[in-house]
Amino acid sequence: MEKEKTTIVLFSGDLDKAIAAFIIANGAAAYDHDVTIFFTFWGLNTLRKDEHVDVKKGWLEKAFGWMMPRGAKKLGLSKLNMLGIGPPMIKHVMKKHNALSLPQLIELAREQGVKLVACTMTMDLLGLKEDELVDGLTYAGVSAYLGDATDAKVNLFI
Amino acid sequence: MEKEKTTIVLFSGDLDKAIAAFIIANGAAAYDHDVTIFFTFWGLNTLRKDEHVDVKKGWLEKAFGWMMPRGAKKLGLSKLNMLGIGPPMIKHVMKKHNALSLPQLIELAREQGVKLVACTMTMDLLGLKEDELVDGLTYAGVSAYLGDATDAKVNLFI
Amino acid sequence: MEKEKTTIVLFSGDLDKAIAAFIIANGAAAYDHDVTIFFTFWGLNTLRKDEHVDVKKGWLEKAFGWMMPRGAKKLGLSKLNMLGIGPPMIKHVMKKHNALSLPQLIELAREQGVKLVACTMTMDLLGLKEDELVDGLTYAGVSAYLGDATDAKVNLFI
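Residue numbers (our numbering), protein chains in the order written: chain X, -2 to 155; chain G, -2 to 155; chain W, -2 to 155.
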């Protein structure tokens, strides 16, 4: 029997929404779905490496790179961000309740075979290079996403 | 013939998004769908009781409880909130046009048999207890949501 | 063989989310899906005409009309809006990379036969008249949306 499919577009660059996306993705993978997360616009920041990577780019692309959070550990909250006090509060309660952190959720998703797709159009626009993103990603555009979504039962935009 | 199914994840704690979620949910129920709303993260605030409920919790959980809106009447807007002027403006025009208020939309959803599910993981994290939430909820986690969503035609994340 | 269907609820009035919605809609139309975008709440601002249209309305409706962005060229960003510096930056990089602007994406959607539906309930609430919106729209409510969504494989709320 063919596997059920789930796709998530992660558009948002908020910590709380990224956590929600990965909890649903990991749940669906545990449920034996084929799962794809398509990272586009600000969502792509979830996949940036922590450290600065030296790549050649224009000043505007540099500005975007400097203004946007560098990876899963640096994301803010969509609510109660409170100039940066909110994220450590949330991380603290998650740790206290033995909930997986976002980096751990991403790691689990990889282990479960969740397909992580970086939107190449966004990379072009914001000037993000493959070297600046974590390893093991698929690079594709909206038509690849639609190919997956058309076969999927659960499609979410987060 | 089996009923069509619709599921909505209500992640947002904004008044306007909660109204949209309940309008779609009530519409789908009127369309004879089995409808589930899964309240997670800030969306759970929609289901808080108006009044303070005396439950034992840690200082961080108390802080979250204090910072987050207490129930459907206290939610802000995602746009034009304007330090609190926006919500009464929206409520005023809704009343003027005989549109149902959010508390009325919630009541209608209950009457139509919409399943309201409180995300137990979020309750743990934010320190919300069953006594602090309105009556008649189902308590479940992401796997229950995915069970419903996999059978549903319409799945939305709001 | 019947065509696949895709529906998008565009609730948000943010430029970046509207662009994402139209890129997905145009991709799905190119994929030969029947595509519907249902514009509700702030999303309806995407469809406003640029210029002021003289229609009779109450002071509250006038206030909403004045506070909300007038059309696709005036929308702000959900992130990095930076008091209005963000949108021209994004528009600049989109132009530089030969990406279609939002007005061009809307035009392409029309050419591809994407059905653009204005939510009549929102129009009532915010006091928007047909004359204030661009031409060629369908006017309908949530039940029409649900009719489309129930037949669709891909349903997104943006």
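Here a beta-carbon is modelled for each residue, glycine too, at the ideal position from N, C-alpha and C.
Shortest alpha-carbon distance to residue i belongs to which of the options?
i: D148(G); options: V32(G), A106(G), M79(G) and K93(G); result: V32(G)
i: H30(W); options: E129(W), T117(W), V111(W) and K2(W); result: K2(W)
i: K0(G); options: W56(G), K93(G) and A26(G); result: A26(G)
i: L12(G); options: M118(G), D145(G) and K71(G); result: K71(G)
i: M79(W); options: V90(X), M65(X) and P85(X); result: M65(X)
i: L168(X); options: G110(W), K92(W), A146(W) and V111(W); result: Given that chain X is displayed from residue -2 to residue 155, the structure contains no residue 168(X) and the question cannot be resolved.
i: V111(G); options: K53(G), D145(G) and M86(G); result: D145(G)
i: L44(X); options: I16(X), G55(X), K53(X) and K54(X); result: I16(X)
i: V90(W); options: Y28(X), K54(X), K88(X) and E108(X); result: K54(X)
i: T117(W); options: S98(W), G138(W) and E108(W); result: G138(W)
Looking at residue i: is its Cβ nearer than 7 angstroms to the Cβ of residue j?
i: G40(G); j: F61(G); result: no
i: V131(W); j: K46(W); result: yes
i: T4(W); j: N152(W); result: yes
i: L113(X); j: I34(X); result: yes
i: A141(W); j: A22(W); result: no
i: G73(X); j: L143(G); result: no
i: E127(X); j: V50(X); result: no
i: F154(W); j: I155(G); result: yes
i: G68(W); j: L77(W); result: no
i: F36(W); j: A115(W); result: yes
i: G81(G); j: N42(G); result: no
Starting from the beta carbon of residue i, find every residue of chain W whose beta carbon is closer than 7 angstroms, and list them in chain order.
i: N78(G); result: Those do not exist, as N78(G) stays about 11 angstroms from chain W at its closest Cβ, beyond 7 angstroms.
i: T37(X); result: A17
i: A25(G); result: L143
i: G10(X); result: K76
i: E(-1)(G); result: Result: empty, since nearest Cβ-Cβ is about 13 angstroms, beyond 7 angstroms.
Find the residues of chain X that neighbour residue i, judging by a C-beta separation of less than 9 angstroms, and give them in chain order.
i: D121(G); result: V90, H94 and A96
i: M118(G); result: I20, H94 and A96
If the cut is a Cβ gap below 7 angstroms, which residues of chain G does residue i touch?
i: F154(W); result: L153, F154 and I155
Could you work out which residues of chain W lie near residue i, taking near to mean beta carbons separated by less than 9 angstroms?
i: Y156(G); result: Lying before the first or after the last residue shown, residue 156(G) is absent from chain G, which here runs from -2 to 155.
i: K150(G); result: A146, T147, D148, A149, K150 and N152
Under 8 angstroms between beta-carbons, which chain X residues line up against residue i? List them in chain order, please.
i: D31(W); result: Near D31(W) there are no residues of chain X at all, since even the closest Cβ is about 12 angstroms away, more than 8 angstroms.
Determine the chain W residues that contact residue i at a beta-carbon separation under 8 angstroms, and present them in chain order.
i: K14(G); result: F8
Should residue i be listed as close to the ligand NAP, given that the test is whether its C-beta is under 6 angstroms from any heavy atom?
i: D29(X); result: This structure lacks the ligand NAP, and indeed carries no ligand of any kind.
Run down chain G in chain order and give the residues with a C-beta less than 8 angstroms from the C-beta of residue i.
i: K71(X); result: Chain G residues near K71(X): none, gap ~19 angstroms exceeds 8 angstroms.
* Pair every Cβ in the region 85 to 104 of chain X with every Cβ in the region 114 to 128 of chain X, then say whether three or more of these pairs are closer than 8 angstroms. => no
Note down, in chain order, all residues in the region 101 to 112 of chain W with a beta-carbon under 7 angstroms from any beta-carbon belonging to chain X.
Within the region 101 to 112 of chain W, no residue qualifies.
(message) Counting only Cβ-Cβ distances shorter than 9 angstroms, please list the residues of the region 44 to 69 of chain W near chain G, keeping chain order.
(response) G55, L57, E58, A60, F61, M64 and M65
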